[in-house]
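Residue numbering for the sequence shown follows the UniProt record's numbering, starting at 1 and increasing by one per position.
Note that CB positions come from ideal geometry on N, CA and C, so glycine has one too.
The structure under discussion appears below in the form of structure tokens.
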Amino acid sequence: MIYIVILLSVIFLGLAAVVVSRMATVVKNANGPVEEGHIGMSNRINGALFMIFLVLSIIGFVWSFLYAKQFFLPEASTPHGRRTDFLFWLSMGIITVAFVITNALLFIFAWLYQYKEGRKAAYYPENHKLELIWTVIPAVVMAVMVFTGWRAWRDIMSEAPADAQVFEIVGKQFNWIVRYPGVDNNKLGAFNYKLIDSNNETGIDYTDEASFDDYVSTSELHIPVGRPVLLKIRARDVLHSVFIPHLRVKMDAVPGMPTRFWFTADKTTDEMRNITGNPNFGYEIACTEVCGQGHFSMRIRLIIEDEASYQAWCKEQKPLLSAVPELASRIPANLKSKAAKYLPAEETAAPADSVTASVITKGVKVASATLR
Numbered sequence: 001m002i003y004i005v006i007l008l009s010v011i012f013l014g015l016a017a018v019v020v021s022r023m024a025t026v027v028k029n030a031n032g033p034v035e036e037g038h039i040g041m042s043n044r045i046n047g048a049l050f051m052i053f054l055v056l057s058i059i060g061f062v063w064s065f066l067y068a069k070q071f072f073l074p075e076a077s078t079p080h081g082r083r084t085d086f087l088f089w090l091s092m093g094i095i096t097v098a099f100v101i102t103n104a105l106l107f108i109f110a111w112l113y114q115y116k117e118g119r120k121a122a123y124y125p126e127n128h129k130l131e132l133i134w135t136v137i138p139a140v141v142m143a144v145m146v147f148t149g150w151r152a153w154r155d156i157m158s159e160a161p162a163d164a165q166v167f168e169i170v171g172k173q174f175n176w177i178v179r180y181p182g183v184d185n186n187k188l189g190a191f192n193y194k195l196i197d198s199n200n201e202t203g204i205d206y207t208d209e210a211s212f213d214d215y216v217s218t219s220e221l222h223i224p225v226g227r228p229v230l231l232k233i234r235a236r237d238v239l240h241s242v243f244i245p246h247l248r249v250k251m252d253a254v255p256g257m258p259t260r261f262w263f264t265a266d267k268t269t270d271e272m273r274n275i276t277g278n279p280n281f282g283y284e285i286a287c288t289e290v291c292g293q294g295h296f297s298m299r300i301r302l303i304i305e306d307e308a309s310y311q312a313w314c315k316e317q318k319p320l321l322s323a324v325p326e327l328a329s330r331i332p333a334n335l336k337s338k339a340a341k342y343l344p345a346e347e348t349a350a351p352a353d354s355v356t357a358s359v360i361t362k363g364v365k366v367a368s369a370t371l372r
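Set out below in structure tokens:
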């Protein structure tokens, strides 16, 4: 690589020297008449330089693409990602072909139609047919590209299927917090930013009984392969952006404005390790919006696994209510009984003992009055 850079530097310096030399000649000749033969030689040199530049540019263009291929992402692990990649390369192909043709003609014409003694330039003021062709064809091509891109975007941003597995991901300086819906029929509980504190970083609202079994993670997100996944996205402080490169997922996390993105992953982490030949391969969720000094640390693992492994992992998780019993104080009295199964035994014992004691006390008083 270093030798190529040195070679390109030498070529650049050489071309710069030629340009300076030609400019000096132009300035010198501006003060007096120029011989016809000298003009012809000057144009031949410039025309040759145009062709050399064209050839070197094409070689550099092809080399840079082939060299960069090793750094390209592998095939997307989602259907919408492969569709997006196809449209990207289709657009790049059309634009590249148009770019090469127009610039090749520009340089070739500079060589073919350089000044020659005795030859006069033809005056060609208008050609409506030609103008119509080079206006309509690009317009049609661009319209098709815009329309296909719009259709892909519409499908990607459509409502998630009713059976989509729901997760919530919350961005804050400087980490992601994932909330899982627990076992209550794939339903996340309500949230309220006013409830956010060190014990409840996502602001889970425990006046909603759907929140009782929700659990959180700051290190990884587990999702099942082959099932639609709906990511509900929000931010606690500043603008963040959820980015899963291998799945072609990207959506901003905006404070005060929840966003969403749904997708279906069809390659597990283990399958991607076999495909890439990298035993240490792992999906990741990163932040692509510079959000402060710790922006670099906003990464968590994404683990895509088969349904059985996913369900087994979920069964091992404990609701946040179990992990942080202090949150029980936020549960309304009329929902305490429904939340009891998620609370440690000592948290449910006190209320039960109080009721029992009250009943026993009343019974003693009644018995005492009867005896009298």
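Cβ separation of residue i and residue j, assumed to be a contact under 8 Å, to the nearest whole Å
| i | j | result |
| --- | --- | --- |
| Ile285 | Ile244 | 5 Å |
| Asp213 | Tyr342 | 6 Å |
| Val225 | Asp266 | 6 Å |
| Met23 | Asn175 | Met23 to Asn175, Cβ: 57 Å. No contact. |
| Gly47 | Ala122 | Gly47 to Ala122, Cβ: 19 Å. No contact. |
| Leu321 | Ala339 | 7 Å |
| Thr268 | Glu326 | That pair is no contact at about 38 Å. |
| residue 375 | Ala16 | The requested residue 375 does not occur in the structure, where the chain is confined to residues 1 to 372. |
| Ala152 | Leu87 | 6 Å |
| Phe50 | Phe107 | 5 Å |
| Ala68 | His246 | Wrong, their Cβ atoms sit about 18 Å apart, outside the cutoff. |
| Pro81 | Arg248 | A small correction: the amino acid at residue 81 is Gly; Pro does not occupy that position in the sequence shown. Rounded, the Cβ-Cβ distance is 3 Å, consistent with contact. |
| Glu209 | Leu335 | 5 Å |
Residue burial classification, residue i (beta-carbon count within 10 angstroms, cutoff 16)
| i | result |
| --- | --- |
| Val10 | exposed |
| Thr356 | The predicted position of Thr356 is uncertain, since its pLDDT is 37 and thus under 50; a value taken from the coordinates is nonetheless stated next. Thr356 should be labelled exposed. |
| Arg154 | exposed |
| Tyr180 | buried |
| Glu168 | buried |
| Trp262 | buried |
| Gly14 | exposed |
| Gly256 | exposed |
| Pro344 | exposed |
| Arg234 | buried |
| Tyr113 | exposed |
| Arg119 | exposed |
| Tyr3 | exposed |
| Leu66 | exposed |
| Gly182 | buried |
| Leu7 | exposed |
| Pro319 | buried |
Contact check, residue i vs residue j, beta carbons under 8 Å
| i | j | result |
| --- | --- | --- |
| Thr259 | Asp270 | no |
| His222 | Ile303 | yes |
| Gln173 | Cys314 | no |
| Pro161 | Pro228 | yes |
| Val238 | Ile177 | no |
| Ala190 | Ser211 | yes |
| Val166 | Leu230 | yes |
| Ile204 | Val141 | no |
| Pro332 | Thr202 | no |
| Val242 | Lys232 | no |
| Gly171 | Arg236 | yes |
Open item on the list: Just to confirm the assignment: which complete beta strand (DSSP E) runs, minimum length 3, are found wholly within the stretch 117-176?
Closed with: 165-172
Open item on the list: Using a Cβ distance threshold of 8 Å, determine whether the stretch 112-128 contacts the stretch 184-200, with at least three qualifying pairs required.
Closed with: no
Open item on the list: Give the list of continuous beta strand (DSSP E) stretches no shorter than 3 residues that lie fully inside the stretch 233-306.
Closed with: 240-244, 249-253, 259-264, 283-287 and 299-305
- [ ] Please specify which runs of the alpha helix (DSSP H), each continuous and at least 4 residues long, are wholly inside the stretch 70-124, giving them in chain order.
- [x] 79-112
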